[in-house]
């Protein structure tokens, strides 16, 4: 059986959990207390050089890192990743957008906001993250105004990837109310079979509010 | 024939040009003067909602954005992207790493440095970018100490993607001399057949030093 190294408040971990739930695929969870330094142990760094979760491990010990790459691997052969080369590239396109725009905008700002780090950041840093977040949602709003999902292939791992943090922008202090097309898309994602609604707040981990090692 | 919408000083554009040169595949270039505002025209925004280059356009008008997604599409069926599902995911893993760590570290810092924007950034912003750049190169150094290329599949689009900016870290004020394994890997990439060595400085575009619209 596959093993997922995970940190429950992580929405990057959630991306993979959501897909696994859609696929109804069983897996073992091993929790990594990243704020307590467990991501930086020699043993974990052998699995992943960044020290970040999630990490997927196969029965034979082979590992795969980066949430979006894990989604691609697990979705292969399912409706969540098309087989056509052009369509696959369109799915990948939104996952690369997520990795750049969302990770460094909404995801980062949400993390600061929910763990109390915002008070330790300068106005300039916060303004840059807010500008990136608004830019991201503006791009998504315009795109989704005329579309059901991010690509023409129905609900795919592109939607799962972008949904993880974009749907929680309010927790980064960016309300979704000015973005009705994004809100409608969030509703369509939440209506999918085997949607996973379990959210773990940072407060379950008393180390979360510290800086990462 | 395929068309590449490109901005010559962009190393994201260079990634695609490098692969096309390796493949010896002919293409049409259409230049987009992004700093002059051409990325924000209604016509170009219909091709790409971010307004960024590169954009790939097929004969029938279909478009693909995000340099890493374009690499995946163009490399399909070649030695630059393996067909095995697990191996493909390992290639994707480094491309997602690039999109997050490198785009927001070395690439961003290099852009500020080469276009004179560094003087307009706070010490805190610059320190954060430098820390991300050093972290990235430290991860790559450790990884490449025992490897020829980023994955076990030989030279792939993972190497092309990471090479584009990581090889130019010195232009971001981060010398590569403390990273001998990275330097050796840079040499191995440069030794590949049909390596593309043409670099276009920002100075070819008199608008480059302005802020993006």
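Protein chains in written order, with this note's numbering: chain H, 66 to 278; chain W, 66 to 278. Backbone N, C-alpha and C fix where the C-beta goes; we use that ideal spot for every residue, glycine too. Small disclaimer: the values here were computed from a predicted structure and weren't measured.
Residue i and residue j: beta carbons closer than 7 Å?
{"i": "residue 180 (chain W)", "j": "residue 267 (chain W)", "result": "yes"}
{"i": "residue 133 (chain W)", "j": "residue 261 (chain W)", "result": "no"}
{"i": "residue 76 (chain W)", "j": "residue 229 (chain W)", "result": "yes"}
{"i": "residue 93 (chain W)", "j": "residue 66 (chain W)", "result": "yes"}
{"i": "residue 120 (chain W)", "j": "residue 130 (chain W)", "result": "yes"}
{"i": "residue 244 (chain H)", "j": "residue 73 (chain H)", "result": "no"}
{"i": "residue 114 (chain W)", "j": "residue 208 (chain H)", "result": "yes"}
{"i": "residue 237 (chain H)", "j": "residue 174 (chain H)", "result": "yes"}
{"i": "residue 97 (chain W)", "j": "residue 135 (chain W)", "result": "no"}
{"i": "residue 159 (chain W)", "j": "residue 227 (chain W)", "result": "yes"}
{"i": "residue 201 (chain H)", "j": "residue 166 (chain H)", "result": "yes"}
{"i": "residue 242 (chain W)", "j": "residue 189 (chain H)", "result": "no"}
{"i": "residue 161 (chain H)", "j": "residue 164 (chain W)", "result": "yes"}
{"i": "residue 84 (chain H)", "j": "residue 225 (chain H)", "result": "yes"}
{"i": "residue 116 (chain H)", "j": "residue 102 (chain H)", "result": "no"}
Whose CA, out of the options, lies closest to the CA of residue i?
{"i": "residue 276 (chain W)", "options": "W:146, W:184, W:165", "result": "W:184"}
{"i": "residue 254 (chain H)", "options": "H:123, H:215, H:243, H:278", "result": "H:215"}
{"i": "residue 220 (chain W)", "options": "W:122, W:269, W:88, W:67", "result": "W:88"}
{"i": "residue 147 (chain W)", "options": "W:70, W:222, W:241, W:242", "result": "W:222"}
{"i": "residue 170 (chain H)", "options": "H:210, H:198, H:269, H:224", "result": "H:198"}
{"i": "residue 79 (chain H)", "options": "H:233, H:100, H:143", "result": "H:233"}
{"i": "residue 100 (chain W)", "options": "W:83, W:124, W:71", "result": "W:71"}
{"i": "residue 218 (chain W)", "options": "W:156, W:240, W:182", "result": "W:156"}
{"i": "residue 151 (chain H)", "options": "W:141, W:150, W:111", "result": "W:141"}
{"i": "residue 212 (chain H)", "options": "H:182, H:248, H:271", "result": "H:248"}
{"i": "residue 205 (chain H)", "options": "H:187, H:192, H:231, H:189", "result": "H:231"}
{"i": "residue 127 (chain H)", "options": "H:196, H:111, H:235", "result": "H:111"}
{"i": "residue 239 (chain H)", "options": "H:172, H:117, H:122, H:149", "result": "H:172"}
{"i": "residue 139 (chain H)", "options": "H:154, H:149, H:123", "result": "H:123"}
{"i": "residue 235 (chain H)", "options": "H:109, H:182, H:176, H:270", "result": "H:176"}
{"i": "residue 274 (chain H)", "options": "H:154, H:182, H:118", "result": "H:182"}
With 7 Å set as the bound, which would you pick, yes or no: does the beta-carbon of residue i sit closer than that to a beta-carbon of chain H?
{"i": "residue 94 (chain W)", "result": "no"}
{"i": "residue 129 (chain W)", "result": "yes"}
{"i": "residue 187 (chain W)", "result": "yes"}
{"i": "residue 168 (chain W)", "result": "yes"}
{"i": "residue 119 (chain W)", "result": "no"}
{"i": "residue 70 (chain W)", "result": "no"}
{"i": "residue 138 (chain W)", "result": "yes"}
Let me see if you follow: with CB-CB separation under 7 Å, is residue i close to chain W or not?
{"i": "residue 158 (chain H)", "result": "yes"}
{"i": "residue 210 (chain H)", "result": "no"}
{"i": "residue 223 (chain H)", "result": "no"}
{"i": "residue 133 (chain H)", "result": "yes"}
{"i": "residue 66 (chain H)", "result": "no"}
{"i": "residue 114 (chain H)", "result": "yes"}
Measuring from the CB of residue i, is there a heavy atom of the ligand MG at a distance below 6 Å?
{"i": "residue 168 (chain W)", "result": "What this structure holds is no ligand at all, so the ligand MG is not there to describe."}
Could you give the uninterrupted runs of the alpha helix (DSSP H) lying entirely in the stretch 116-181 of chain H, keeping only those of 4 residues or more?
DSSP runs (the alpha helix (DSSP H)) wholly in the stretch 116-181 of chain H: 132-140, 150-162, 173-180.
For the stretch 246-277 of chain H, enumerate the residues whose C-beta is nearer than 9 Å to any C-beta of chain W, in chain order.
none
Mind checking the stretch 140-166 of chain H against chain W and listing, in chain order, the residues whose C-beta falls within less than 9 Å of any C-beta there?
Taking 9 Å as the Cβ-Cβ cut-off against chain W, the residues of the stretch 140-166 of chain H that qualify are 141, 142, 150, 151, 153, 154, 155, 156, 157, 158, 159, 160, 161, 162, 163, 164, 165, 166.
Quick check on the DSSP output: what are the complete beta strand (DSSP E) runs of length 3 or more inside the stretch 233-264 of chain W, in order along the chain?
none
Quick one: which residues of the stretch 190-208 of chain H get their C-beta closer than 7 Å to a C-beta of chain W? List them in chain order.
Listed in sequence order: 190, 204, 207, 208.
Scan the stretch 70-125 of chain H and note each continuous beta strand (DSSP E) run of 3 residues or more that stays entirely inside, going in chain order.
93-96, 120-122
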